[in-house]
């Protein structure tokens, strides 16, 4: 772990990246087609959230080539400040798979997850996070 220069605190991200070598590479992903399909699904969920009067976010959890969790943002409609699309997709995947261990799964979301969602992804064991139209690799959860 290294010290954060401005905050004087530890940066856990460096430790996780070091522990998972090769995860942040510029090479095309082996699941490129699947990731694009997953992003299209996340975008459809984002559009669904907007139509229902919620915030414009959508997310899916991908295991190998299968979407195992998906959700739009429900912060406004559920009056729940933690009902971010990523959190809801993680909850959906855990329910469907009947486990809290989502090791090996990828979290695909329409925008970069907030710190709460990154932490939840880390606790769930998510191996990789990808966000945005360009499928930017956010790496492992911090």
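Numbering (the numbering used here), first residue to last: 164 to 305.
Beta carbons: idealized from backbone N, C-alpha and C, even for Gly.
What you are looking at is a predicted structure, and each value in this text was computed from that prediction instead of being measured.
Can you tell me which of the three DSSP states residue i falls into?
i           : result
residue 239 : coil
residue 268 : strand
residue 189 : Model confidence at residue 189 stands at a pLDDT of 31, short of 50, so the residue's coordinates are unreliable and nothing is read from them.
residue 197 : helix
residue 210 : helix
residue 296 : coil
Give me the Cα-Cα distance between residue i and residue j, rounded to the nearest whole angstrom.
i           : j           : result
residue 236 : residue 297 : 20 Å
residue 208 : residue 264 : 24 Å
residue 201 : residue 273 : 10 Å
residue 212 : residue 292 : 21 Å
residue 294 : residue 198 : 10 Å
residue 270 : residue 241 : 22 Å
residue 227 : residue 217 : 30 Å
residue 299 : residue 210 : 20 Å
residue 254 : residue 304 : 16 Å
residue 290 : residue 268 : 6 Å
residue 196 : residue 243 : Low local confidence applies: a pLDDT of 48 at residue 196 is under 50, so the model's placement there is unreliable, and no value is given.
residue 239 : residue 215 : 9 Å
Below 8 Å on the Cβ atoms is my guess for residue i versus residue j; work out the distance and round it to an integer in Å.
i           : j           : result
residue 261 : residue 231 : Going by Cβ atoms, the distance from residue 261 to residue 231 rounds to 11 Å, so no, they are not a contact pair.
residue 248 : residue 221 : 5 Å
residue 284 : residue 276 : 7 Å
residue 205 : residue 223 : 5 Å
Can you tell me whether residue i is buried or exposed, with buried defined as 16 or more other CB within 10 angstroms of its CB?
i           : result
residue 278 : exposed
residue 229 : exposed
residue 252 : buried
residue 266 : exposed
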